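Asker:
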Amino acid sequence: MTTRAEFLKRLESWGVKLAKDVLELKEPVMEIPARTLTNTIWDEKARMLKLGPEKMHRRFLDMKEARRFMQTVLMLRLIVEAIREDVYPTIRDLYYNGKHTISFKDPLSRVHRENTWDEQSESNAVIEDIEVATNVLREEMGVSADVKGKIVGPIVVRSQGYELDASKFGETALSLPVNVDGLEI
């Protein structure tokens, strides 16, 4: 089973590649699998839809893509920091942690302000881009869609050698981790 530390390395290597391009005075470009209907393929063996070979390229120096590029780097940083600090944020946490306004001057010295994102749907889409670009699921990054789930009642969960009986937790319930792959029920 792949560990969170291994996912961290995969995420960091993507960021390091972008930083290296900047330091070498090359335009940083993100290659992200296209999440479109025309780029989906039915995998008969896995019995599921998968992304096809089409890629989109997010270029830092393209004015139409610069904001989305910035959003992706910002979200990547937030996720990497959460993993390093052993924090398990929700997508809402990441939205608020990254939401701020950037002020800048244009060539005529006029001051402009740009929000990192205006709606949570923007930050959610960036998380999905990071998922497909790095082949790391949101749950594997430790990012949950909502406040962590809770269970109660006649169910026993085994985790890391411990047996937890949810019926004995009363009103407090048993909290589920973001990634439930390591649990036995």
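In this note's numbering, the protein residues as written are 1020 to 1204.
We treat Cβ as the ideally placed atom computed from N, Cα and C, and that holds for glycine.
Treat the numbers as computed from the prediction; the structure is a model and nothing was measured.
Hey, quick one: how far does the alpha helix (DSSP H) through asparagine 1154 stretch, first residue to last?
Answerer: Note, asparagine 1154: premise wrong, no alpha helix (DSSP H); not H, not E.
Asker: Closest by CA to serine 1186, which one among Gln1179, Val1175, Glu1084, Met1160?
Answerer: Comparing Cα positions, the closest option is Val1175.
Asker: According to DSSP, is phenylalanine 1079 part of a helix, a strand, or is it coil?
Answerer: Coil.
Asker: What is the DSSP secondary structure of threonine 1057, counted as helix, strand or coil?
Answerer: Of the three classes helix, strand and coil, the one that applies to threonine 1057 here is helix, per DSSP.
Asker: Among residues of its own chain, excluding the 5 on either side of leucine 1080, which ones have a beta-carbon nearer than 6 Å to its beta-carbon?
Answerer: The answer, listed in chain order, is Glu1046.
Asker: Could you please give me the residues that DSSP links to tyrosine 1181 through a beta bridge?
Answerer: Partner(s): Ser1178.
Asker: According to DSSP, is lysine 1064 part of a helix, a strand, or is it coil?
Answerer: Coil, per DSSP.
Asker: Relative to the C-alpha of glycine 1180, which residue among Ser1163, Phe1088, Leu1202, Met1160 is closest?
Answerer: Here the closest residue by C-alpha is Leu1202.
Asker: Would a check of beta-carbon distances place lysine 1118 closer than 8 Å to chain C?
Answerer: No chain C appears in the structure shown, which is made up of a single protein chain.
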